[in-house]
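In what follows, a structure is listed as structure tokens, so that the remarks can point back to it.
There are 2 protein chains.
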Amino acid sequence: MAEVRPTSAGPTLADLGEWELIRRLGAFAPPGQFNDDAALLTLAAGEPPLVLNTDVLVEGIHFSERTTGAADVGWRAAAANLSDLAAMGATTVVGLTVGLVAPADTPWAWVEGVYGGLREALAPEGGVLLGGDCSGGGQRVLAITALGRLAAGAGPVRRSDGRPGDRLVCTGPHGLSRLGLALLQAEPGGVQAAALAGLDPDLRQRAIDAHRRPRPRFDAVRALIDSRPAGLTWRVGGCDSSDGLAAAVAAIAAASDCGARLDRSRLPLDAAMAPLDGAESWCLGGGEDFELVLALPPAWADALAMRLAGVHPIGELVAASPGTLNWQDGSSWADGPAGFQHFH
Amino acid sequence: MAEVRPTSAGPTLADLGEWELIRRLGAFAPPGQFNDDAALLTLAAGEPPLVLNTDVLVEGIHFSERTTGAADVGWRAAAANLSDLAAMGATTVVGLTVGLVAPADTPWAWVEGVYGGLREALAPEGGVLLGGDCSGGGQRVLAITALGRLAAGAGPVRRSDGRPGDRLVCTGPHGLSRLGLALLQAEPGGVQAAALAGLDPDLRQRAIDAHRRPRPRFDAVRALIDSRPAGLTWRVGGCDSSDGLAAAVAAIAAASDCGARLDRSRLPLDAAMAPLDGAESWCLGGGEDFELVLALPPAWADALAMRLAGVHPIGELVAASPGTLNWQDGSSWADGPAGFQHFH
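Protein chains in written order, with this note's numbering: chain A, 1 to 344; chain B, 1 to 344.
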């Protein structure tokens with residue numbers, strides 16, 4: 001691991017960056033297979049499609065003992081994966097497998113905590129631990145693969161299924177998880193701790209809960225299915241907001257070959273969080289809120305908002321250069337906060 | 001990674017060992033879910049069951065740049081996973097997902113080689129790369145999840161489905177992969193290189209190929225299905241021999257609540273390898289041959305051997321203490337070679 005490797009010709013992964021790496025890896029799969037966060041599998045006509053998703057979580061990058069207890073690591077790992085299933089329109093969770101890498105000196109109590117958290121996150125969705133593998137290694141890694149299924153008669157949610165004129169909505173407030181992380185990371189006596197000291201105790205708790213125990217929004221998928229207006233065929237653009245709200249909107253717009261306009265006066269902020277310095281930036285770029293971001297015909301968006309509390313209209317898709325973001329009032333979108341990039 | 005962790009009360013993973021760890025993790029899954037190498041999923045009546053399997057491969061443990069080029073790492077990773085699908089009786093490969101962890105200084109050429117090898121191993125089976133995730137990290141790790149399906153009308157192969165009186169067969173020679181590894185690891189001018197210097201060139205090539213490019217035995221599953229004698233209901237005990245032949249037999253015997261007798265005079269050795277020192281030990285414990293080891297009613301075993309070249313009868317299951325191994329002539333099985341254990 002600390003081994004020095006011979007210098008090789010050609011770029012390293014750091015040279016490529018995460019998105020270029022994913023683009024290159026996509027060339028090893030059938031065309032379009034890497035367009036969404038999860039794979040959609042139609043095995044036989046008449047059977048509802050399966051949804052399959054893999055996430056890796058690496059200690060020191062995706063979790064840390066300082067901010068996240070073992071049970072929360074397990075919960076978040078499961079929830080992040082299940083959120084990708086929900087983001088594809090799945091309503092049934094079959095379960096998940098876990099590939100665990102851990103150094104030999106890892107306490108069993110930590111592993112037990114992680115698997116307990118995984119089970120706790122799975123149980124409300126009806127999923128189970130299906131299997132897995134474990135190995136020694138230099139660093140703790142969890143590789144989770146989740147399997148789910150679309151509802152019979154419902155279609156998938158795909159990034160590329162938005163159209164100009166669609167309303168953009170999200171299923172809850174954004175930025176809370178990032179605030180929760182800041183609270184957990186703040187050194188006692190440090191600058192950030194001082195800045196956050198006067199925070200409303202309820203907001204503090206909501207933010208920490210949002211970070212530690214995010215909930216995959218299968219309830220929102222069910223509401224989406226149930227609220228489809230008569231006469232509208234199934235067509236839903238969308239993904240989850242794990243990489244940040246702005247990144248989700250940009251991804252839907254780019255995959256759907258259009259632009260997006262966001263309404264700056266109606267950002268989906270927790271009301272108690274809105275007055276905080278940096279709230280807008282964390283709302284747009286904080287990430288890990290695991291809400292659904294959807295592009296819907298306006299009538300469907302209205303019907304969904306009537307059925308499901310907390311649905312925020314945030315803007316619309318427009319005919320524009322693919323993936324461009326602008327404010328709805330025409331003011332320019334200065335370099336917006338981007339999603340979290342690995343391989344830095 | 002090099003971080004010193006606080007001493008915790010309770011055992012570490014090294015204290016538990018791999019099998020005890022897996023036993024404890026199994027308690028987080030439904031009863032019996034961890035009995036086989038892959039999960040069997042019946043999603044709906046009338047649909048052939050799915051088979052899902054996850055393996056993790058860690059650099060320095062499961063592969064090394066010294067013995068394994070990038071394309072071979074990818075091939076072996078895919079083949080090991082697909083072998084677990086075949087070992088459950090799957091005949092259809094849907095595809096696989098890859099969770100990749102790699103340090104930022106990893107050359108893209110290595111990643112490209114790995115994915116090329118994966119694709120090469122998948123293509124003959126009709127499977128594709130379904131998706132995945134990637135992250136930075138301190139050490140290269142591949143977490144592969146493969147999805148397959150049983151043939152319509154065929155049953156699964158399970159470790160626990162053996163019965164006393166069943167014939168034990170395997171689908172090919174054992175020990176070649178271990179010999180191949182020894183050849184690849186031998187330092188030029190070293191003791192092992194000298195011992196292996198006079199090796200038949202054809203055997204040398206077969207052994208290196210067996211190590212670098214193992215083939216999952218879906219052809220053997222098809223032959224198994226096609227050779228079932230009329231009147232026999234589906235009941236097949238089995239697993240693959242990735243952890244070694246003796247470990248596979250012991251696992252089938254233990255899960256089937258019986259013992260096993262192996263015929264020492266008919267060990268499944270490559271004829272050219274049989275005279276080598278240590279051939280018996282590598283045959284029984286070398287591992288990574290990725291053949292199928294099956295427990296079948298004798299008539300079915302005979303029919304399979306007629307249909308598929310290379311099927312070796314190796315012994316039988318007997319009423320005895322679960323998991324015990326003995327030689328067929330009654331001589332005692334001194335501490336037989338065990339499978340490869342991690343977390344040492």
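Idealized CB from N, CA, C, for every residue including glycine. Model, not experiment: these values are computed from the prediction.
Alpha carbons only, please: which of the options is nearest the one belonging to residue i?
i	options	result
N35 of chain B	B:A77, B:R66 and B:M88	B:M88
L96 of chain B	B:A220, B:A27, B:G131 and B:D15	B:G131
A295 of chain B	B:A45, B:V236 and B:C134	B:V236
R212 of chain A	A:D289, A:N81 and A:P103	A:D289
D72 of chain B	B:P31, B:A274, B:A45 and B:E112	B:E112
S177 of chain A	A:E59, A:A250 and A:S241	A:S241
L50 of chain B	B:A152, B:M306 and B:L308	B:A152
A9 of chain B	A:A320, A:D302, A:P216 and A:T106	A:T106
W110 of chain B	B:T92, B:S64 and B:V157	B:S64
A86 of chain B	B:E120, B:A121 and B:V157	B:V157
P365 of chain A	B:R307, B:G162 and B:W108	The question about residue 365 of chain A has no answer here: the residues shown for chain A are numbered 1 through 344.
Beta-carbon of residue i versus every beta-carbon of chain B: anything under 8 Å?
i	result
D55 of chain A	yes
Q33 of chain A	yes
L43 of chain A	yes
G287 of chain A	no
P107 of chain A	yes
E120 of chain A	no
P11 of chain A	yes
D335 of chain A	Here D335 of chain A scores only 46 on pLDDT, less than 50, and its place in the model is too uncertain to base an answer on.
S227 of chain A	no
R149 of chain A	yes
L25 of chain A	yes
T97 of chain A	yes
C134 of chain A	yes
L181 of chain A	no
G137 of chain A	yes
Below 6 Å CB to CB, which residues in the same chain sit around residue i once its five sequence neighbours on both sides are set aside?
i	result
W234 of chain B	G155
C170 of chain A	P268, E291, V293, H312 and I314
E20 of chain A	none
D84 of chain A	D37, A38 and N53
R261 of chain B	G315, E316, V318, N326 and Q328
C283 of chain B	H174, G175, L267 and L269
L372 of chain B	Chain B is shown only over 1 to 344; residue 372 of chain B falls outside these bounds and no answer can be derived.
P322 of chain A	A254 and D257
V128 of chain B	G95
G172 of chain A	E291 and G310
R354 of chain B	Past the boundaries of the shown model lies residue 354 of chain B; chain B is included only from 1 to 344, so the question cannot be answered.
M1 of chain A	Residue placement at M1 of chain A is flagged as unreliable, the pLDDT there being 39, under the threshold of 50; the coordinate-derived value follows with that caveat. Correct list, in chain order: G138.
Of all Cβ atoms in chain A, is any one closer than 8 Å to the Cβ of residue i?
i	result
C387 of chain B	It is not possible to answer for residue 387 of chain B, since the shown part of chain B is limited to 1 through 344.
G127 of chain B	no
L85 of chain B	no
P30 of chain B	yes
A77 of chain B	no
V58 of chain B	yes
In chain order, what residues of the same chain have a beta carbon less than 7 Å from the beta carbon of residue i, not counting five sequence neighbours either side?
i	result
L183 of chain B	L196, R204, A207 and I208
A255 of chain B	N35, R159 and S160
A104 of chain A	G136
P297 of chain B	D166 and L232
Between the C-alpha atoms of residue i and residue j, what's the straight-line distance to the nearest angstrom?
i	j	result
I225 of chain A	L317 of chain A	21 Å
E47 of chain A	L41 of chain A	10 Å
V191 of chain A	G198 of chain A	13 Å
D55 of chain B	A70 of chain A	22 Å
A186 of chain B	I144 of chain A	37 Å
T67 of chain A	G74 of chain A	13 Å
G99 of chain B	W300 of chain B	40 Å
G285 of chain B	G180 of chain B	14 Å
S227 of chain A	A45 of chain B	29 Å
P164 of chain B	A29 of chain A	45 Å
P229 of chain B	V249 of chain B	24 Å
V274 of chain A	E280 of chain A	First, the residue type needs correcting, since residue 274 of chain A is Ala and not Val in the sequence shown. About 8 Å.
D200 of chain B	L276 of chain B	11 Å
A272 of chain B	P214 of chain B	19 Å
D263 of chain A	S331 of chain A	11 Å
R217 of chain A	P31 of chain B	28 Å
Report all residues from its chain with a CB closer than 8 Å to the CB of residue i; omit the five preceding and five following residues, and keep chain order.
i	result
Q33 of chain A	G26 and A39
R24 of chain A	L16
Could you tell me whether any Cβ in chain D is nearer than 8 Å to the Cβ of residue i?
i	result
V101 of chain B	Among the protein chains in the structure shown, which are A and B, there is no chain D.
Which whole runs of the beta strand (DSSP E) in the stretch 194 to 265 of chain A are 3 residues long or more, in chain order?
Entirely contained in the stretch 194 to 265 of chain A, the beta strand (DSSP E) runs reaching 3 residues are, in chain order, 236 to 240 and 259 to 262.
Unbroken alpha helix (DSSP H) runs of length 4 or more, entirely within the stretch 101 to 154 of chain B: which are they?
Taken in chain order, the unbroken stretches of alpha helix (DSSP H) that lie wholly in the stretch 101 to 154 of chain B and span 4 residues or more are 108 to 122.
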